[in-house]
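J.:
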DNA sequence: TTCCTTGCAAACGATTTGCATTGGA
DNA sequence: TCCAATGCAAATCGTTTGCAAGGAA
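Protein chains in written order, with this note's numbering: chain A, -14 to 134; chain B, -14 to 134.
1) Which one of 114/B, 120/B, 75/B has the shortest CA to CA distance from residue 129/A?
2) Quick one, which residues of the segment 106 to 122 of chain A are near chain B if we go by CB-CB under 9 Å, in chain order?
3) With distances taken from CA atoms, which of 111/B, 76/B, 65/B, 126/B is nearest residue -11/B?
4) Considering only residues of the segment 18 to 70 of chain B, which uninterrupted alpha helix (DSSP H) runs meet the minimum length of 4 residues and lie entirely inside it, listed in chain order?
5) Could you name the residues of the segment 42 to 66 of chain A whose beta carbon sits closer than 9 Å to any beta carbon of chain B, in the order they occur along the chain?
6) What first and last residue would you give for the alpha helix (DSSP H) that runs through residue -2/B?
7) Provide the residue span of the beta strand (DSSP E) that contains residue 120/B, from first to last.
8) Going by Cα to Cα distance, which pick from 11/A, 117/A, 26/A is closest to residue 80/A?
9) Would residue -10/B count as contacting chain A if we go by Cβ distances under 8 Å?
10) Measure the alpha-carbon distance for residue 116/A versus residue 55/B and round it to whole angstroms.
11) Helix or strand or just coil, what does DSSP make of residue 100/B?
12) Determine, using beta carbons only, whether residue 99/A and residue 108/A come nearer to each other than 8 Å.
13) Considering only their Cβ atoms, is the gap separating residue 24/A from residue 124/A smaller than 8 Å?
14) When Cβ atoms are compared, which residues of the segment 77 to 101 of chain A fall closer than 8 Å to chain B?
15) Quick check: is the beta carbon of residue 127/B nearer than 8 Å to any beta carbon in chain A?
16) Where does residue 107/B fall in DSSP's three states?
17) Chain A beta carbons: is any one of them nearer than 8 Å to that of residue 70/B?
18) Once you ignore the five residues that flank residue 12/B on each side, which residues in its own chain have a CB closer than 7 Å to its CB?
19) Is the distance from the Cβ of residue 61/B to the Cβ of residue 67/B below 8 Å?
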């Protein structure tokens, strides 16, 4: 559940890719490295600005491959743009705090007891509709400290 | 917080639109009526199938207008498709349970004490990053009863 | 050699927009 | 009359794909 150490991360990724006979190429490493050092989910365009050496189509292909094998998680922001971040087994489980004013996204890592409480609530909710819970996403929106001034 | 009575709904909508000098036309009523009777957020294509009389471009325009004045809320599914549902002040606050197998989305209305607990947790999380909470979305994914058989 | 990868350009598909027309207050 | 609303076609734009060339094992 907790994040993989930074040094081990690339080895973990390489290993996971190898299981699928997929190479951990320079372009893919650049994507993972970039996502490792920036906060919040990034769009293809965001990443393209940071690794201008990789053409967009290749970037999209890398993102697809990495998401397919579970190294990245993909979701869509309020504008429908696809955004990517390192998957939870690499990043650690976390939630998002989105500023409705500036769009900034902050990662929030709940303390273990808060997280436990969330799970309990979710299990409650799920049992009422007889679902088998796999995962959950909590996204909180509000005004960030910078914008509230 | 609770849902507006079905009969009052259209009056509420008409009122809200009137504040913006926007007419509550047949097409818009069809959209609202459809969203009122189907479960879960609907895509433009979904809605178009149900109200085939309205061309897609007009449908998109209705959806945009209705979302802009806060009658509909818009979000994107895992494929990036825009989906719409009646806003919370009309629908009542609720969360989503998404089946990862068949894609079905179920609305979940948390009991008031569960909801209170969620808010407490969120306020906790938010205070740690000094955000001013406005809203929250909890999306739980798992296997629905039909798919688990 | 074998197959995964990459680049470029073309194709796609959801959504948006220009413009002339229609319709309600 | 006046201005919002509509329909149609064309344009946008993020994303995907075909295909030929490149590269690692």
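For glycine and all other residues, C-beta sits at the position ideal for the given N, C-alpha and C.
All figures in this text were calculated on a predicted structure; none of them were measured in a lab.
T.: Quick answer:
1) For the purposes of this step, residue 129/A is taken as residue 144 along the first chain, with counting starting at 1. The alpha carbon of residue 129/A has as its nearest neighbour, out of 114/B, 120/B, 75/B, the alpha carbon of 114/B.
2) From the segment 106 to 122 of chain A, only 106, 107, 109, 110, 111, 113, 114, 115, 116, 117, 118, 119, 120, 121, 122 have a Cβ closer than 9 Å to chain B.
3) The count along the second chain starts at 1 and reaches residue -11/B at position 4. Out of 111/B, 76/B, 65/B, 126/B, 76/B has the C-alpha closest to the C-alpha of residue -11/B.
4) Whole alpha helix (DSSP H) segments, 4+ residues: 29 to 35, 41 to 53.
5) Those would be 59, 60, 61, 62, 63, 64, 65, 66, in chain order.
6) On the second chain, position 13 is the one that residue -2/B refers to. That run of the alpha helix (DSSP H) goes -9 to 3.
7) Within the second chain, numbered from 1, the residue matching residue 120/B stands at position 135. In the DSSP annotation of this structure, the continuous segment of the beta strand (DSSP E) that includes residue 120/B starts and ends at 117 to 128.
8) Within the first chain, the letter at position 95 stands for residue 80/A. It is 26/A whose Cα lies nearest to the Cα of residue 80/A.
9) Translated into positions along the second chain, residue -10/B becomes position 5. Taking Cβ atoms only, chain A never reaches closer than 8 Å to residue -10/B, which makes this a no.
10) On the first chain, position 131 is the one that residue 116/A refers to. On the second chain, position 70 is the one that residue 55/B refers to. Distance between residue 116/A and residue 55/B, taken at the CA atoms: about 31 Å.
11) As a first step, residue 100/B must be located in the second chain, where it is residue number 115. Residue state for residue 100/B is assigned as helix, using DSSP reduced to three classes.
12) Here residue 99/A refers to the residue found at position 114 of the first chain. Here residue 108/A refers to the residue found at position 123 of the first chain. No, these two residues do not count as a Cβ contact at 8 Å.
13) Taking the first chain and counting its residues from 1, the one referred to as residue 124/A is at position 139. Taking the first chain and counting its residues from 1, the one referred to as residue 24/A is at position 39. Judged by beta-carbon spacing, residue 24/A lies beyond the 8 Å limit of residue 124/A, meaning their Cβ atoms are not closer than that value.
14) Correct list: 80, 82, 84, 85, 91, 93, 95, 99.
15) Taking the first residue of the second chain as position 1, residue 127/B is located at position 142. Among the residues facing chain A, residue 127/B is included, as its CB has a counterpart in that chain under 8 Å away.
16) Within the second chain, numbered from 1, the residue matching residue 107/B stands at position 122. In the three-state scheme derived from DSSP, where H, G and I count as helix and E and B as strand, residue 107/B is classed as helix.
17) To locate residue 70/B, count along the second chain from 1; it is residue 85. No, its Cβ sits nowhere closer than 8 Å to a Cβ of chain A.
18) For the purposes of this step, residue 12/B is taken as the residue at position 27 of the second chain. By the criterion of a C-beta distance shorter than 7 Å, residue 12/B is surrounded in its chain by 39, 43, 47, once the five residues flanking it on both sides are discounted.
19) Walking along the second chain from the start, residue 61/B turns up at place 76. Walking along the second chain from the start, residue 67/B turns up at place 82. The answer is yes: Cβ separation under 8 Å.
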